[in-house]
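Novice: In the working numbering, the protein residues as written are 2 to 278. Cβ atoms here follow ideal geometry from the backbone N, Cα and C, with glycine treated the same way. Dropping the structure in here first, questions after.
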Ligand code: MN
């Protein structure tokens, strides 16, 4: 029963995400707007604005896969392949997957084309991923395969307010802001308060793995895929992964007046370790 509800929730969330994708592309106008204005307009408004944006028919990840395959098969290994490899990575294709994809293409499109593509892909998937080491990368990629939302990019903007490494992927940037937040094992954010003079607060929905939500003065609450946590404005709390695995939750900002976040002290190892006993 639970599983059916979770699956239904996943479908609803996936459809919402897909329905909201609208690709904004300016590369055509930036590079060819003066020389070939019609080509630029077709590139930006039709190829990206219409075809790529039809994400309810075929998702961005799949469109990336098809595009990469087409380019490599033709031996196009210039800046356009780099662009599409970068966007494939943003669209959730992991390092393990691109390695497998190009290996597969090699047999159908040609060995030298795969070599050329690998040389570019290595650079794209190496960016900013050196700190976790090969084992960390493999664990993160394995976690990605069990999750419908992308892990996204290292959460550098808020790194000062986290213990351990976290990652951020925007799921919705319009109407209601929704982020998928991924935590490596033991990673958690500092104690913090979502302030607002009315409304405000935050909703968390567990996506994959196991995590914790802790409100000051109350016992910690376990977050599993599908768990919904309602955090009123003004309540001091933290959230993060359990000690034994990766964890991700959606973070949804609740609209309010004069909203702001107040970041407080880190959750100590003693406090954190006490949870699992
Ligand atoms: Mn919070």
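Please return the same chain residues whose Cβ sits closer than 6 angstroms to the Cβ of residue 184, not counting the five positions on each side in sequence.
Specialist: Counting only Cβ-Cβ distances below 6 angstroms, and skipping sequence neighbours, we find 167, 241, 242, 248.
Novice: Would DSSP call residue 163 helix, strand or coil?
Specialist: Three-state DSSP puts residue 163 in a strand.
Novice: By Cβ distance, which residues of its chain are closer than 7 angstroms to residue 199, with the 5 residues on each side in sequence left out?
Specialist: So the list reads 257, 258, once near-sequence residues are dropped.
Novice: Assuming residue 226 contacts residue 255 (C-beta within less than 8 angstroms), just tell me the rounded distance between them.
Specialist: Not a contact, Cβ separation roughly 21 angstroms.
Novice: With DSSP as the reference, identify every bridge partner of residue 261, one or two as the case may be.
Specialist: DSSP output for residue 261 lists 196 as bridge partner(s).
Novice: Report the rounded CA-to-CA distance for residue 54 versus residue 264, giving the unit in angstroms.
Specialist: Going from the Cα of residue 54 to the Cα of residue 264 covers about 37 angstroms.
Novice: Under 8 angstroms: does the beta carbon of residue 181 sit that close to some heavy atom of the ligand MN?
Specialist: Incorrect: residue 181 has no Cβ contact closer than 8 angstroms to the ligand MN.
Novice: Taking the straight line between their C-alpha atoms, what separation do you get for residue 57 and residue 23?
Specialist: Distance between the alpha carbons of residue 57 and residue 23: 11 angstroms.
Novice: Say whether the stretch 153-160 touches the stretch 105-117, bearing in mind that this needs 3 or more beta-carbon pairs closer than 8 angstroms, one atom from each stretch.
Specialist: As far as the Cβ criterion goes, the stretch 153-160 does not touch the stretch 105-117, which means the pair count is below three.
Novice: What are the residues that DSSP puts in a beta bridge with residue 180?
Specialist: 171, 252.
Novice: Comparing the CB of residue 232 with every heavy atom of the ligand MN, is any distance shorter than 8 angstroms?
Specialist: Within the cutoff, so yes.
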